[in-house]
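*Asks:* Sending over a structure as structure tokens; questions will come in a sec.
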Amino acid sequence: MDDDAGTPDPARPAGARFDPAHSQPAHSQPAHSEPAHAGRTAPEPAHAEPARVGPRQTWAGLPWPVRTAVTWSLCLLVVAAGLWLLGQVAVLLAPLAVALAGTLFLTALLDPVLVRLRRLRVPAAPAALLTVLLLLGVLVGAGVLVWNLTASQFGELSQQLDEGLQRSRDFVTSTLPVSDQQLDKLVEQVRQGVSAGAPDPVAGARKAAEVAGALLLGLVLLFFLLKDGRSMWHWVLRRLTGPRREVTAEAGRAGWRTLGAYSRGTMIIAAIDAIGIGLALVVLRVPLALPLALITFLGGFVPIIGATVAGAVAVLVALAANGPTTALLTLAAVIAVQQIEGNLLEPLVMRRQVQLHPAVILVVVTAGTLVAGVAGAFVSVPIAAVLWRVLDTVQRHRSGGTARAAETTG
Numbered sequence: 001m002d003d004d005a006g007t008p009d010p011a012r013p014a015g016a017r018f019d020p021a022h023s024q025p026a027h028s029q030p031a032h033s034e035p036a037h038a039g040r041t042a043p044e045p046a047h048a049e050p051a052r053v054g055p056r057q058t059w060a061g062l063p064w065p066v067r068t069a070v071t072w073s074l075c076l077l078v079v080a081a082g083l084w085l086l087g088q089v090a091v092l093l094a095p096l097a098v099a100l101a102g103t104l105f106l107t108a109l110l111d112p113v114l115v116r117l118r119r120l121r122v123p124a125a126p127a128a129l130l131t132v133l134l135l136l137g138v139l140v141g142a143g144v145l146v147w148n149l150t151a152s153q154f155g156e157l158s159q160q161l162d163e164g165l166q167r168s169r170d171f172v173t174s175t176l177p178v179s180d181q182q183l184d185k186l187v188e189q190v191r192q193g194v195s196a197g198a199p200d201p202v203a204g205a206r207k208a209a210e211v212a213g214a215l216l217l218g219l220v221l222l223f224f225l226l227k228d229g230r231s232m233w234h235w236v237l238r239r240l241t242g243p244r245r246e247v248t249a250e251a252g253r254a255g256w257r258t259l260g261a262y263s264r265g266t267m268i269i270a271a272i273d274a275i276g277i278g279l280a281l282v283v284l285r286v287p288l289a290l291p292l293a294l295i296t297f298l299g300g301f302v303p304i305i306g307a308t309v310a311g312a313v314a315v316l317v318a319l320a321a322n323g324p325t326t327a328l329l330t331l332a333a334v335i336a337v338q339q340i341e342g343n344l345l346e347p348l349v350m351r352r353q354v355q356l357h358p359a360v361i362l363v364v365v366t367a368g369t370l371v372a373g374v375a376g377a378f379v380s381v382p383i384a385a386v387l388w389r390v391l392d393t394v395q396r397h398r399s400g401g402t403a404r405a406a407e408t409t410g
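Last residue of the sequence shown: 410 (this note's numbering), numbering continuous.
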């Protein structure tokens, strides 16, 4: 044994335990002693570099209204650029685009006729040909009927228009503070403006050739779409896989139903407008009542603007032929028929198939007119209605898929 094991060390306090790892006793350090560098701060480097500020830090430092405004502005610029590019392509290919849109419109309109012929076991090609011939027969027959019934009125109309214009002139000069010289000057300015705005013969011939080509192309495409339209659509669906096939099929069905409902509903409403205004013109003994009714029918395919223009033409003819009293009565009849059509017939016939605000319709019709003239005004609204229905169907399909996924996860 070690001799010093039981001998107390005078340098150690009594009861202290010797720690072989340290030269001092274990309890010589306080239990809550702080490190030697406590209370001291680390020395800063002599040349401290500033923190780098990148694009992300700058973007995060902006107020949220500024970030929101910048994001929306960029989105609007991208959308505007896309619309401008699409408009440029549409202007370059306006005859083709109008022919395609008009063909789709007529296909949706004539599809029930084709379906009934197919149910009678008529083959596809003869059924499509009979449908096209039926359309041509209706158009040509209506034109010949209108010409035969109104050709005798054109000679009388010239004299009636002269007398009516003279009565209207006397009414204006006697009612308004306008002299004969001022009225003659105004009429001459209008005549010069119309003459200056008239196209030259070369441009007119080129335009007529484009219209004839578009009509011929539309008839050929109409035949093939009636004959092979469904097989073409099934071919497109077979090229898709997974969820895209389902959403494409659903959106296509919704768009086609909307186009069919719009075309048939518009035709019914236009026919009712033409019959109502035509009967009013016959009762008031306005000349050329049948051609004016036909103009009203065609104008019904251009919502809001078409009916307004057709009614204005009828009122002007009544004013020139029979005087202000008949013109006022014609205006009252036109307004009454259009109010009944807009407030009663259109919601009943169209139902909820075409949900476009009147302001949207006005913008769409104006844009179509600027791009492709009268033909663009005819096809712009059905195109907008179909696009809206397709986008709405896709959005609802995605929302439903997201909700189902959330329920499955939950």
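We put the beta carbon where it would ideally sit given N, CA and C, even for glycine.
When you compare each of 113, 84, 99 to residue 226 by their alpha carbons, which one comes out closest?
*Replies:* 113
*Asks:* Could you check what DSSP says for residue 240 in three-state terms: helix, strand or coil?
*Replies:* coil
*Asks:* Quick test of the definition: if touching needs 3 or more C-beta pairs under 8 Å, does the segment 355-370 touch the segment 270-283?
*Replies:* At 8 Å Cβ cutoff, the stretches do not touch.
*Asks:* Excluding the five sequence neighbours on either side, which residues of its own chain have a C-beta within less than 6 Å of the C-beta of residue 318, listed in chain order?
*Replies:* 286, 326, 327, 330
*Asks:* Can you name the start and end residues of the alpha helix (DSSP H) that residue 112 belongs to?
*Replies:* 94-119
*Asks:* Between the Cα of residue 388 and those of 75, 360, 289, spot the shortest distance and give me the residue it belongs to.
*Replies:* Distances from the CA of residue 388 to each of 75, 360, 289 were compared; the closest alpha carbon is that of 360.
*Asks:* Contact defined as beta carbons within less than 8 Å: I believe residue 117 pairs with residue 131. What is the distance between those atoms, to the nearest angstrom?
*Replies:* 7 Å
*Asks:* Measure the alpha-carbon distance for residue 137 versus residue 163 and round it to whole angstroms.
*Replies:* 38 Å
*Asks:* Reducing DSSP to helix, strand and coil, say where residue 394 ends up.
*Replies:* helix
*Asks:* Measuring only the C-alpha atoms, how far is residue 322 from residue 296?
*Replies:* 20 Å
*Asks:* Given a cut-off of 7 Å on the beta-carbon distance, is the pair residue 251 and residue 390 in contact?
*Replies:* Contact annotation: residue 251 and residue 390 have beta-carbon atoms nearer than 7 Å.
*Asks:* Could you give the residue range of the alpha helix (DSSP H) that holds residue 291?
*Replies:* Where residue 291 is concerned, the enclosing alpha helix (DSSP H) starts and stops at 289-299.
*Asks:* In terms of residues, what are the limits of the alpha helix (DSSP H) holding residue 304?
*Replies:* No alpha helix (DSSP H) holds residue 304; DSSP gives it neither H nor E.
*Asks:* Look at the alpha carbon of residue 210 and the alpha carbon of residue 312, and state the distance between them as a whole number of angstroms.
*Replies:* 29 Å
*Asks:* For the alpha helix (DSSP H) that contains residue 56, what are its first and last residues?
*Replies:* 55-61
*Asks:* Measuring CB to CB, does residue 293 end up less than 7 Å from residue 271?
*Replies:* no
*Asks:* State the Cα-Cα distance for the pair residue 176 and residue 320, rounded to the nearest angstrom.
*Replies:* 18 Å
*Asks:* Near residue 171, what residues of its chain come up, given a Cβ to Cβ distance below 6 Å and the 5 sequence neighbours on each side ignored?
*Replies:* Answer for residue 171: 324, listed in chain order.
*Asks:* Give the straight-line distance between the Cα atoms of residue 32 and residue 62, rounded to the nearest whole angstrom.
*Replies:* Reliability of the predicted coordinates at residue 32 is poor, the pLDDT of 46 falling under 50, and no value is obtained from them.
*Asks:* Between which residues of its own chain and residue 74 is the CB-CB distance below 7 Å, once the five residues before and five after are set aside?
*Replies:* Contacts found: none.
*Asks:* Note down, in chain order, each residue of its chain lying with its Cβ closer than 7 Å to the Cβ of residue 363, except the 5 sequence neighbours on either side.
*Replies:* none
*Asks:* How big is the Cα-Cα spacing for residue 152 and residue 310?
*Replies:* Roughly 22 Å separates the two Cα atoms.
*Asks:* If you drop the 5 nearest sequence neighbours on each side, which residues of the same chain put their C-beta closer than 7 Å to that of residue 397?
*Replies:* Answer for residue 397: 247, 250, listed in chain order.
*Asks:* Is DSSP giving residue 176 helix, strand or coil here?
*Replies:* coil
*Asks:* Does the segment 219-235 come close enough to the segment 336-345 that 3 or more CB-CB pairs lie under 8 Å?
*Replies:* no
*Asks:* Please look up how many angstroms separate the CB atoms of residue 381 and residue 303, rounded, as I've assumed it's under 8 Å.
*Replies:* 6 Å
*Asks:* How about residue 97 and residue 108: are their beta carbons less than 7 Å apart?
*Replies:* no
*Asks:* State buried or exposed for residue 184, treating a residue as buried only when at least 16 other CB atoms are found within 10 Å of its CB.
*Replies:* exposed
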